[in-house]
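Chemist:
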Amino acid sequence: MGRILGFASEDSEGTGAVHAAASRLHELGRDVWWIQRDGSDCPHPPTLEPKEMHRATFDWHDLLNGARWLLTGGKSVLGDEEEFASWSAALTFAELEGTLNAFILDTPPNRFTDVWGVVVPRIRQLHILLLDGEQIDGIARLEKWPIDSSKDGRVATLERIHRQTLVPHVIGRDIEQGWAADAHTYGVAEASSGESSTGTWLGLVMDGLIQSGHVKGAAQEALDSASIS
């Protein structure tokens, strides 16, 4: 099935959503690796040593060899110049190598516009995009679409994002309202949000998608399995 690579160079303490998703996938028996700041990779869990980082040390062709998924997040966009450049290169090379990109739009609310502005030109490189309820409204606001913060309104916006971007899985999760949804090729799957942290929950969803494959009911099965775990 190929390796799963986690890359969040700004997360030196292993407390972020990308690390949590990678950890959950590792616990579920997936072949998970972590790309380190020095350009090397290692089996999960990583050492997370705060090493100096230079974009030129990353051989993405070698790092992505045999990888099915690359998991990254919005906080890498907000990193320093080397962190941002390395993240951008990772997405580009993943697309070239046939590795699927899963992206968690985890960003402080006051930097949402900055991060989304960087993501939009790269949106076709993504296979999974994970948003929360406020971010769904934020995209509607930036795109000048109607804003409806109810569950039905946010799911409708999620569908619109999917149609506009063609990202195969545009996933929304609103813990306060208690729902999760995946706007995908075959329609929209819905389930309860569950109570896991964002990263842990996405790890469960990705595991479900990997198990089910590219079939019509895969998204629903993945959301259902995450909601009860």
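Adding 160 to a residue's 1-based position in the sequence shown gives its number in the numbering used here. Note that CB positions come from ideal geometry on N, CA and C, so glycine has one too. Here the structure is a predicted model, which is why all the values come from computation and not from measurement.
Taking just the CA atoms, how far does Thr-259 sit from Gly-373?
Modeler: 15 Å
Chemist: Measuring only the C-alpha atoms, how far is Asn-225 from Glu-257?
Modeler: As the crow flies, the alpha-carbon of Asn-225 is around 8 Å from that of Glu-257.
Chemist: Return the Cβ separation of Leu-251 and Gln-285 in integer angstroms, given the expectation that the two are a contact with Cβ distance under 8 Å.
Modeler: 5 Å
Chemist: If you measure between the beta carbons of Leu-290 and Ile-331, is that distance less than 7 Å?
Modeler: A contact, by the Cβ cut-off of 7 Å.
Chemist: What would DSSP say about Trp-305, mapped onto helix, strand or coil?
Modeler: coil
Chemist: If contacts are defined as beta-carbon pairs under 8 Å, then Ala-343 and Asp-384 qualify, I think. What distance do you get, rounded to the angstrom?
Modeler: Not quite, the Cβ-Cβ distance comes to about 16 Å (not below 8 Å), so this is no contact.
Chemist: Could you say which of Asp-198, Gly-368 and Asp-334 lies nearest to Val-315 if we only look at CA atoms?
Modeler: Put simply, of Asp-198, Gly-368 and Asp-334 the residue whose alpha carbon is nearest the alpha carbon of Val-315 is Asp-334.
Chemist: Work out the CA separation of Ser-353 and Asp-191 for me, nearest whole Å.
Modeler: 26 Å
Chemist: Curious, which full-length alpha helix (DSSP H) runs of at least 4 residues does the region 319-348 contain?
Modeler: DSSP assignment within the region 319-348 yields no whole alpha helix (DSSP H) run of 4 residues or more.
Chemist: Exposed or buried, what is Ser-172 when buried is set at 16 or more other beta-carbons lying within 10 Å of its beta-carbon?
Modeler: exposed
Chemist: Measure the C-alpha to C-alpha separation of Pro-203 and Ser-246 and round it to an integer number of angstroms.
Modeler: 20 Å
Chemist: Can you tell me where the beta strand (DSSP E) holding Ile-164 begins and where it ends?
Modeler: 163-166
Chemist: Within the continuous beta strand (DSSP E) that includes Asp-201, where are the two ends?
Modeler: 201-203
Chemist: DSSP state of Glu-170, grouped into three classes?
Modeler: coil
Chemist: Buried or exposed for Thr-345, going by 16 or more other Cβ atoms inside 10 Å?
Modeler: exposed
Chemist: What is the DSSP secondary structure of Glu-350, reduced to helix, strand or coil?
Modeler: strand
Chemist: Using only the alpha-carbon positions, how far apart do Leu-369 and Leu-362 sit?
Modeler: 10 Å
Chemist: Within its chain, find whatever has a CB closer than 6 Å to the CB of Asp-293; leave out the 5 residues flanking it on each side and keep chain order.
Modeler: One detail in the question is off: residue 293 reads as Gly in this sequence, not Asp. Contacts found: Arg-314 and Asp-334.
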